Amino acid sequence: MKAEYQSPTSIRAWQSTSPRYENLTRKLRAVQALALYLPQLPLIYLDTLVGTTYYGRPSWSFQFRAFRLVLAYFIWAKNPGTRPALDVLTDASREAIGKLKHSQRAELVVVPARPDQIVGDAVHEIIQPEACPCFWQWLDDMPSPATDDRPMHQRRVMMYFVGGGMVQGHPLQSALGWRIMSKTAVPIFGVNFRKCVTKQTAFPAALQDAVAAYFYLLDLGFARENISIMGDSGGGGIATTLLLYLKRHGFPMPDNAVLVSPFVDLVDDFQGDPEPLHLDILNPEMCSMVQYQYTENRPDLRATLLSPSRAELPEGYSYEGFPRTMMVWGEVEVFKRGIEQLVDCLRRAGVDVECVVGKDEVHDYPVFTKDFSDDGFFGKILPFLDAKAAIRAKL
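Residues in the sequence shown are numbered from 2 upward in steps of one, following my numbering.
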């Protein structure tokens, strides 16, 4: 969706506005979005009937074209400034489990800070390591990971970094983890990292939380080869930074990574390809604000470590040794160019990368896709996770 990419001056102006003003803007945008959306429904129907592509790819149904447009308007209306509508900073909100569906199970774990593992770019004078709320997630036909008594070498786990542009999101509220578990039966350890709403919670706060959660799993006895790292959107960017950090400092590396529509270019203004700009659910306005907020404490890393797609990693960092990776993205999403560039960087470094490109799909499409075929993401995820285990079993 088209919405103007914001300058640093404009973003700082938003930071100085009151929450009341931002909430008023949300309401006004919601009214505007409704007024813009409803008259377009007949046009969307005609677009689908005639087979033209103003409102979507030829394969898109009327229902999906309408859904895509209303979702794009909703995201635009909900995110006018630098603060999310919901509380993401207090302990109460970060530790909340909330209402789960009947088959979903969760248990809170407050992971202790790990200052002993915080070095290099994870250190910052105003950002201190803190305890981080995490959640064991499983389905009712799976054993509880909190009480599972199987030998640790037989147990697997997937660490999950939720999407939400690094400023919002809660692992239990994302459909992605639950959908993946329904296909893999691998429990999830959802990390509710600090969100970059303030300078005190901007980078490297999320990296510190990610490091603490990863070493918590190692301390429990999980073998590194049984740990998967998964993230979508902004969470995918954090997962990528964690893996580069672990490799840089010689820490044990997990077996694999699953990166879904990762936000891996925090410099891009998204003006290069007009089709994703027109058809995707994200917009340059909100992306520009996140880029600025997340890197506010370390602007020197914005185009390097925090934009790994640009092949300009800081000294000491390397793509070599990155774990085997499943990279997932939509064919018409705004992050497409950066993701493809990261794939190229990893492959040139000898990393095994399996690409799953959603044909005609938008950003973070596994969250809502109905494609559960063997050739789709949900058909490929378990074979990918099992690949290394199958090789080890033959040795």
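For glycine and all other residues, C-beta sits at the position ideal for the given N, C-alpha and C.
Just so it is clear, the structure is predicted and the values come from calculations on it, not from any experiment.
Notebook entry, point to check: Comparing the CB of residue 302 with every heavy atom of the ligand GTP, is any distance shorter than 7 Å?
Noted result: Absence of the ligand GTP is noted for the structure shown, with no ligands found whatsoever.
Check: Alpha carbon to alpha carbon, what distance is there between residue 19 and residue 25?
Finding: Walking along the sequence shown from the start, residue 25 turns up at place 24. Walking along the sequence shown from the start, residue 19 turns up at place 18. Their backbone Cα atoms lie some 10 Å apart in a straight line.
Margin query: Can you tell me whether residue 148 is helix, strand or coil according to DSSP?
Written below: Working through the sequence shown from its first residue, we reach residue 148 at position 147. Coil, per DSSP.
Check: Per DSSP, what kind of secondary structure is residue 355 in: helix, strand or coil?
Finding: Locating residue 355 in the sequence shown gives position 354, where the first residue counts as 1. Here residue 355 sits in strand by DSSP.
Margin query: Within a Cβ cutoff of 8 Å, which residues of the same chain sit near residue 401, ignoring the five residues on either side of it in sequence?
Written below: Lying outside 2 to 396, the shown extent of the chain, residue 401 is not represented and no answer is given.
Item checked: Whole-number beta carbon distance between residue 89 and residue 163, since they are thought to touch under 8 Å -> As a position in the sequence shown, residue 163 is number 162, starting the count at 1. As a position in the sequence shown, residue 89 is number 88, starting the count at 1. About 11 Å separates the two Cβ atoms, so there is no contact after all.
Margin query: So, for residue 13: in the same chain, excluding its five sequence neighbours on each side, which residues have a beta-carbon less than 7 Å away from its beta-carbon?
Written below: Sequence index remark: in the sequence shown, residue 13 carries index 12 (1-based). Excluding positions up to five away in sequence, the list is empty.
Checklist line | Exposed unless 16 or more other CB atoms sit within 10 angstroms - verdict on residue 392 | finding: Position 391 of the sequence shown, counted from the first residue, corresponds to residue 392. Note that residue 392 has pLDDT 48, beneath the 50 cutoff, so the model's placement of it is unreliable and the number below is only indicative. Classification of residue 392: exposed, given that the 10 Å Cβ count is below 16.
Check: Can you check whether the CB of residue 83 is closer than 8 Å to the CB of residue 16?
Finding: Here residue 16 corresponds to residue number 15 of the sequence shown, with the count starting at 1. Here residue 83 corresponds to residue number 82 of the sequence shown, with the count starting at 1. It is a contact, given that the beta carbons lie within the stated cut-off.
Checklist line | Per-residue DSSP class, three states only, for residue 232 | finding: What you label residue 232 is simply residue 231 of the sequence shown in a count that begins at 1. The answer is strand: DSSP assigns residue 232 an E or B state.
Checklist line | Segment contact, 8 Å Cβ cut-off, at least three pairs: the segment 36-55 with the segment 308-321 | finding: no
Next item on the list: Taking 8 Å as the cut-off, decide whether the C-beta atoms of residue 267 and residue 299 are in contact.
Entry: As a first step, residue 267 must be located in the sequence shown, where it is residue number 266. As a first step, residue 299 must be located in the sequence shown, where it is residue number 298. Going by C-beta atoms, residue 267 is not nearer than 8 Å to residue 299.
Note to self: Suppose you measure from the CA of residue 110 to the CA of residue 212; what does that come to, to the nearest Å?
What the structure shows: In the sequence shown, counting from the first residue as 1, residue 110 sits at position 109. In the sequence shown, counting from the first residue as 1, residue 212 sits at position 211. Cα to Cα, residue 110 sits roughly 15 Å from residue 212.
Next item on the list: Determine, using beta carbons only, whether residue 182 and residue 139 come nearer to each other than 8 Å.
Entry: Your numbering for residue 182 matches position 181 in the sequence shown. Your numbering for residue 139 matches position 138 in the sequence shown. The answer is yes: Cβ separation under 8 Å.
Notebook entry, point to check: Thinking just about the alpha-carbon of each residue, which of 359, 81, 249 is nearest to the one in residue 320?
Noted result: Walking along the sequence shown from the start, residue 320 turns up at place 319. Answer by Cα proximity: 249.
Check: Rounded to the nearest angstrom, how far is the Cβ of residue 63 from that of residue 49, given a contact under 8 Å?
Finding: The sequence position of residue 63 within the sequence shown is 62, counting from 1. The sequence position of residue 49 within the sequence shown is 48, counting from 1. That pair is a contact at about 4 Å.
Check: Going by Cα to Cα distance, which pick from 154, 120, 347, 157 is closest to residue 208?
Finding: Along the sequence shown, one-based indexing puts residue 208 at 207. Comparing Cα-Cα distances from residue 208 to each of 154, 120, 347, 157, the minimum goes to 120.
Checklist line | Cβ-based neighbour list, residue 7, same chain, cut-off 7 Å, excluding 5 preceding and 5 following | finding: Here the question's residue 7 lines up with position 6 in the sequence shown. Closer than 7 Å at Cβ, skipping near neighbours: 286, 289, 290.
Next item on the list: Name, in chain order, the residues that DSSP records as bridge partners for residue 108.
Entry: As a position in the sequence shown, residue 108 is number 107, starting the count at 1. For residue 108, which the question treats as bridged, DSSP gives the partners 137.
Margin query: Rounded to whole angstroms, what is the Cα-Cα separation between residue 264 and residue 342?
Written below: As a position in the sequence shown, residue 264 is number 263, starting the count at 1. As a position in the sequence shown, residue 342 is number 341, starting the count at 1. If I take the Cα positions, the gap works out to 12 Å.
Note to self: Do residue 295 and residue 204 count as a contact pair if the criterion is CB distance below 8 Å?
What the structure shows: On the sequence shown, residue 204 is found 203 positions in, with the first residue counted as 1. On the sequence shown, residue 295 is found 294 positions in, with the first residue counted as 1. The answer is yes: Cβ separation under 8 Å.
Notebook entry, point to check: What does a CB cutoff of less than 6 Å around residue 369 pick up in its chain, not counting 5 residues either side in sequence?
Noted result: For the purposes of this step, residue 369 is taken as the residue at position 368 of the sequence shown. None.
Notebook entry, point to check: At which residues does the beta strand (DSSP E) containing residue 161 begin and terminate?
Noted result: Taking the sequence shown and counting its residues from 1, the one referred to as residue 161 is at position 160. First-last of the beta strand (DSSP E) with residue 161: 158-162.
Check: What are the boundary residues of the beta strand (DSSP E) that residue 326 is part of?
Finding: Counted from its first residue, the sequence shown places residue 326 at position 325. Per DSSP, residue 326 belongs to the beta strand (DSSP E) from 325-331.
Note to self: For the structure I just gave you, are there three or more beta carbon pairs, one from the segment 184-203 and one from the segment 144-159, closer than 8 Å?
What the structure shows: yes
Next item on the list: Give the single residue among 260, 242, 355, 270 whose Cα lies nearest to the Cα of residue 307.
Entry: Taking the sequence shown and counting its residues from 1, one reaches residue 307 at position 306. Measuring from the Cα of residue 307, the nearest candidate turns out to be 242.
Notebook entry, point to check: Of the choices 95, 219, 345, 72, whose alpha-carbon is the least far from that of residue 169?
Noted result: Translated into the one-based positions of the sequence shown, residue 169 becomes position 168. Out of 95, 219, 345, 72, 95 has the C-alpha closest to the C-alpha of residue 169.
Margin query: Need the endpoints of the alpha helix (DSSP H) that residue 71 sits in, please.
Written below: As a first step, residue 71 is located in the sequence shown; it is residue number 70 there, counting from the start. Note, residue 71: alpha helix (DSSP H), 63-79.
Margin query: Less than 6 Å between C-beta atoms, sequence neighbours within five positions excluded: which residues of the same chain meet that for residue 118?
Written below: Here residue 118 refers to the residue found at position 117 of the sequence shown. Taken in chain order, the residues that qualify are 212, 216.
Check: Under a three-way DSSP split, which group does residue 392 fall into?
Finding: Position 391 of the sequence shown, counted from the first residue, corresponds to residue 392. Interpretation of residue 392 is limited by its pLDDT of 48, a score under 50 that renders its predicted location unreliable; the figure taken from the coordinates is listed afterwards. Reduced to three states, the DSSP call for residue 392 is helix.
Note to self: Going by C-alpha to C-alpha distance, which of 258, 379, 384, 102 sits closest to residue 327?
What the structure shows: Locating residue 327 in the sequence shown gives position 326, counting from the first residue. Selected option, being the one with the closest Cα: 258.
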